[in-house]
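Under full-length UniProt numbering, the letters of the sequence shown match residues 1 to 389, in that order.
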Amino acid sequence: MDGHRDSIKCMAKNPNYLKSIFSGSDDGDIRLWDLASRRTVCQFPGHQGAVQGLTVSTDGSVLVSCGSDCTVRLWNVPDANLADSDNLSDNSAKPVAVYVWKNAFRAVDHQWDGDLFATAGAQVDIWNHNRSQPVNTFDWGADTTISVRFNPGEPNILATSANDRSITLYDLRMSSPARKVIMRTKTNSIAWNPMEPMNFTSANEDCNCYSYDARKLEEAKCVHKDHVSAVMDIDFSPTGREFVTGSYDRTVRIFQYNGGHSREIYHTKRMQRVFCVKCSCDASYVISGSDDTNLRLWKAKASEQLGVVLPRERKKHEYLEAVKNRYKHLPEVKRIVRHRHLPRPIIVNNYESRQTKIHLRTLALYPGMARLDIRILHRRSSNGTDIFG
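Here it is as structure tokens:
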């Protein structure tokens, strides 16, 4: 779906309308898309700089946007019947309210149950729809906050990440932050599990995602690997069993909530760096926004048939899935099920990573070994021989 003239940096779903999604780009343009017809329904002009964050209120009536122009703008969400009209060229909206602040904003998120929303920037500000000034402000550290997400189960708890590699939990009922953990690398985005509200997953610069229990931040519950560049965004499926990630390596991956490696990867030759991803409200599709100014719609299950499925076809699919689940532990079946076609840059990167790992392990085991001997061991390992038993 094309229409933007600059990189797409953020997206937001309407919780009350299945086939609509909002997107914001670096040129200040905000668009409402109809996923069924793949076209723009409405435009929201107004920001003088990049749109850094979008969120929709719980009742689906208010869209909140923030940008690098130091403004927060509130918009009325168009009626659902607007998508069915034929003439969409003149459909543009004006902001209901504009709140000017002293610092640029990096992200925004709305409370799951209430009229409050939070913005991330030089500090974490809590806003109300009816007030032009923040009702509360949190500040822990001197670095910029780059992401913020409200907890779906407890509306007064939110998580943020900052440039100082920290992930911080705040409670609106307290005057100070609740907990803080320092990561090895910067966290670009955070997503709460909607079915397990105390668990969240972070997307980090070190190519990995980390799942945590908010009650025990000392150790990650699971580390999700496979990306070869920084993970830029993350979003959970409504089922809570999977989440989708978008990365600087120009791929979109789908992970099980407790799986160490991705079960699916999506990529195209034209798709550039992926800055934002979302799961559809029915968990059937994945939407990605990238640096090539396009939105892309993917199936959550690549082999799933679209359209009406007959009872006999559904039974056949269920039978085949049962057979795969029964024999998935066998090496031959596992190899076929997990096989995916990868872009050449990722294949080269994985090969170089393996060679570097072998080199470091060799130096650790044989500190006095000459460089020529290490090359011989590398050649033996590439031929399939396990030099470490």
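Using N, Cα and C, we set each Cβ at its ideal position, and we do this for glycine too.
Original post:
By Cβ distance below 8 Å, which residues in the same chain neighbour G28 in space, the five residues on each side in sequence not counted?
Top reply: As a first step, residue 28 must be located in the sequence shown, where it is residue number 28. Answer for G28: P45, G46, H47, Q48, G49, A50, V51, G67, D69, listed in chain order.
**OP:** Could you tell me if G121 is buried or exposed, where buried requires 16 or more neighbouring beta carbons within 10 angstroms of its beta carbon?
**Re:** Locating residue 121 in the sequence shown gives position 121, counting from the first residue. Label assigned to G121: buried.
**OP:** Report, in whole angstroms, the separation of the C-beta atoms of L169 and A159, which I expect to be a contact under 8 Å.
**Re:** For the purposes of this step, residue 169 is taken as the residue at position 169 of the sequence shown. For the purposes of this step, residue 159 is taken as the residue at position 159 of the sequence shown. The beta-carbon distance between L169 and A159, rounded to whole angstroms, is 5 Å. This is short enough to meet the 8 Å contact definition.
Subject >> 7 Å CB neighbourhood of K278 in its chain, flanking five on each side removed >> reply: Along the sequence shown, read from residue 1 onward, the residue named residue 278 stands at position 278. The answer, listed in chain order, is M11, K13, I21, D235, I287.
Original post:
Do P197 and P152 come within 7 Å of each other at the CB atom, strictly closer than that value?
Top reply: Taking the sequence shown and counting its residues from 1, the one referred to as residue 152 is at position 152. Taking the sequence shown and counting its residues from 1, the one referred to as residue 197 is at position 197. Contact flag set, yes.
Subject >> Alpha carbon of L363 to alpha carbon of Q355, nearest angstrom >> reply: Residue mapping note: residue 363 aligns to position 363 of the sequence shown, counting from 1. Residue mapping note: residue 355 aligns to position 355 of the sequence shown, counting from 1. When the Cα atoms are used, L363 and Q355 turn out to be separated by approximately 12 Å.
Subject >> Under the three-state DSSP convention, the category A364 falls into >> reply: As a first step, residue 364 is located in the sequence shown; it is residue number 364 there, counting from the start. Judged by DSSP in its simplified three-state form, A364 adopts helix.
Original post:
When you compare only the Cα positions, how much space is there between A36 and V252?
Top reply: Taking the sequence shown and counting its residues from 1, the one referred to as residue 36 is at position 36. Taking the sequence shown and counting its residues from 1, the one referred to as residue 252 is at position 252. The alpha-carbon atoms of A36 and V252 are separated by roughly 21 Å.
Subject >> Residues of its chain near N208, where Cβ-Cβ distance is below 6 Å and the 5 sequence neighbours each way are ignored >> reply: The sequence position of residue 208 within the sequence shown is 208, counting from 1. Counting only Cβ-Cβ distances below 6 Å, and skipping sequence neighbours, we find V223, K225.
Subject >> Residue environment, A302, which counts as buried when at least 16 other CB atoms sit within 10 Å >> reply: Here residue 302 refers to the residue found at position 302 when the sequence shown is read from its first residue. The residue is exposed, with fewer than 16 neighbouring Cβ atoms inside 10 Å.
Subject >> Whole-angstrom distance between L365 and S381, CA atom to CA atom >> reply: As a first step, residue 381 must be located in the sequence shown, where it is residue number 381. As a first step, residue 365 must be located in the sequence shown, where it is residue number 365. Per-residue confidence for S381 stands at a pLDDT of 49, beneath the threshold of 50, marking its modelled position as unreliable; the derived number appears in the next sentence. Taking the straight line from one Cα to the other gives about 15 Å.
Original post:
If we call anything under 7 Å between Cβ atoms a contact, is Y248 one with S262?
Top reply: Here residue 248 is taken as the residue at index 248 of the sequence shown, counted from 1. Here residue 262 is taken as the residue at index 262 of the sequence shown, counted from 1. No. Outside cutoff.
Original post:
Going by other Cβ atoms of all chains shown within 10 Å of its Cβ, with 16 needed for buried, is residue 392 buried or exposed?
Top reply: No statement about residue 392 is possible, as the shown extent of the chain runs from 1 to 389 and does not include it.
Original post:
According to the Cβ coordinates, are L18 and C281 closer than 7 Å?
Top reply: On the sequence shown, residue 18 is found 18 positions in, with the first residue counted as 1. On the sequence shown, residue 281 is found 281 positions in, with the first residue counted as 1. In contact: L18 and C281 (Cβ atoms closer than 7 Å).
Original post:
Can you tell which of N294, R73, M271 has its C-alpha closest to the C-alpha of S343?
Top reply: Within the sequence shown, residue 343 is the residue found at index 343, counting from 1. Inspection of the sequence shows that residue 343 is occupied by Pro rather than by Ser. Among N294, R73, M271, the Cα nearest to that of P343 belongs to M271.
Subject >> Opening and closing residue of the beta strand (DSSP E) in which E264 lies >> reply: To locate residue 264, count along the sequence shown from 1; it is residue 264. Its beta strand (DSSP E) spans residues 262-266.
Original post:
Secondary structure at Y351, three-state DSSP: helix, strand or coil?
Top reply: Position 351 of the sequence shown, counted from the first residue, corresponds to residue 351. Y351 falls in the helix class under three-state DSSP.
Original post:
With 16 as the cutoff for other CB atoms within 10 Å, does R73 come out buried or exposed?
Top reply: What you label residue 73 is simply residue 73 of the sequence shown in a count that begins at 1. Residue environment analysis places R73 among the buried positions, since at least 16 neighbouring C-beta atoms fall within 10 angstroms of its C-beta.
Subject >> CB contact flag (D109, T55, <7 Å) >> reply: As a first step, residue 109 is located in the sequence shown; it is residue number 109 there, counting from the start. As a first step, residue 55 is located in the sequence shown; it is residue number 55 there, counting from the start. Yes. Within cutoff.
Original post:
Is it right to say T185 is buried, meaning 16 or more other beta carbons lie within 10 angstroms of its own, or is it exposed?
Top reply: Here residue 185 refers to the residue found at position 185 when the sequence shown is read from its first residue. So T185 counts as exposed.
Original post:
Does the Cβ-Cβ distance between D143 and D164 come in under 7 Å?
Top reply: Reading the sequence shown from its first residue, position 143 is the one you call residue 143. Reading the sequence shown from its first residue, position 164 is the one you call residue 164. Yes, these two residues count as a Cβ contact at 7 Å.
Subject >> Residue interval of the beta strand (DSSP E) (run including N103) >> reply: The count along the sequence shown starts at 1 and reaches residue 103 at position 103. Segment: none, N103 is in no beta strand (DSSP E) and carries neither H nor E.
Original post:
Buried or exposed: which applies to L360, given that a residue is buried once 16 or more other Cβ atoms fall within 10 Å of its Cβ?
Top reply: Translated into the one-based positions of the sequence shown, residue 360 becomes position 360. Classification of L360: exposed, given that the 10 Å Cβ count is below 16.
Original post:
If you draw a straight line from the alpha carbon of N79 to that of W112, how long is it in whole angstroms?
Top reply: Here residue 79 refers to the residue found at position 79 of the sequence shown. Here residue 112 refers to the residue found at position 112 of the sequence shown. Note that residue 79 is Asp in the sequence shown, not Asn. Answer to the nearest angstrom: the Cα atoms are 21 Å apart.
Original post:
Anyone know if the C-beta pair for M232 and F200 falls short of 7 Å?
Top reply: Along the sequence shown, read from residue 1 onward, the residue named residue 232 stands at position 232. Along the sequence shown, read from residue 1 onward, the residue named residue 200 stands at position 200. Not a contact, by the Cβ cut-off of 7 Å.
Original post:
Looking at the structure shown, is K216 part of a helix, part of a strand, or coil, going by DSSP?
Top reply: Translated into positions along the sequence shown, residue 216 becomes position 216. Three-state DSSP puts K216 in a strand.
Subject >> Exposure label - D2; buried when at least 16 CB within 10 Å >> reply: Translated into the one-based positions of the sequence shown, residue 2 becomes position 2. It counts as exposed.
**OP:** Measure the alpha-carbon distance for I126 versus R340 and round it to whole angstroms.
**Re:** Counting from one through the sequence shown, the residue named residue 126 turns up at place 126. Counting from one through the sequence shown, the residue named residue 340 turns up at place 340. Their backbone Cα atoms lie some 44 Å apart in a straight line.
Subject >> Boundaries of the beta strand (DSSP E) in which Y319 is found, first to last residue >> reply: Locating residue 319 in the sequence shown gives position 319, counting from the first residue. According to the DSSP assignment, Y319 belongs to no beta strand (DSSP E) but to the alpha helix (DSSP H) extending over 311-326.
Original post:
Residue range of the alpha helix (DSSP H) that V148 falls in?
Top reply: Position 148 of the sequence shown, counted from the start, is the residue given in the question as residue 148. No alpha helix (DSSP H) holds V148; the beta strand (DSSP E) holding it covers 145-150.
Original post:
Contact check, V148 vs A107 under 8 Å by CB: the rounded distance?
Top reply: Here residue 148 refers to the residue found at position 148 when the sequence shown is read from its first residue. Here residue 107 refers to the residue found at position 107 when the sequence shown is read from its first residue. Yes, they are in contact, since the Cβ atoms of V148 and A107 sit about 5 Å apart, within 8 Å.
Original post:
Considering only C-alpha positions, which residue in the set K269, Y266, G240, I265 is nearest to N258?
Top reply: For this step, residue 258 is matched to residue 258 along the sequence shown. For the residues K269, Y266, G240, I265, the minimum Cα distance to N258 belongs to G240.
Original post:
Going by alpha carbons, who is nearest to A104 out of Q123, V96, S92?
Top reply: As a working mapping, residue 104 is identified with position 104 in the sequence shown. When only C-alpha atoms are compared, the closest one is Q123.
Original post:
Which parts of the segment 183-263 are runs of the beta strand (DSSP E), unbroken and 3 residues or longer, counting only runs that do not cross its ends?
Top reply: The segment 183-263 contains, as complete beta strand (DSSP E) runs of 3+ residues, the segments 187-192, 199-204, 209-213, 222-224, 231-236, 242-247, 252-256 (chain order).
Original post:
My guess is that I182 and S166 are in contact by the Cβ rule of under 8 Å, so how many angstroms apart are they, rounded?
Top reply: Locating residue 182 in the sequence shown gives position 182, where the first residue counts as 1. Locating residue 166 in the sequence shown gives position 166, where the first residue counts as 1. Correct: roughly 5 Å between the Cβ atoms.
**OP:** Could you check how far apart the C-beta atoms of residue 395 and S92 are, in whole angstroms? I think they sit under 8 Å.
**Re:** Because the chain spans 1 through 389 in this model, residue 395 falls outside it and cannot be assessed.
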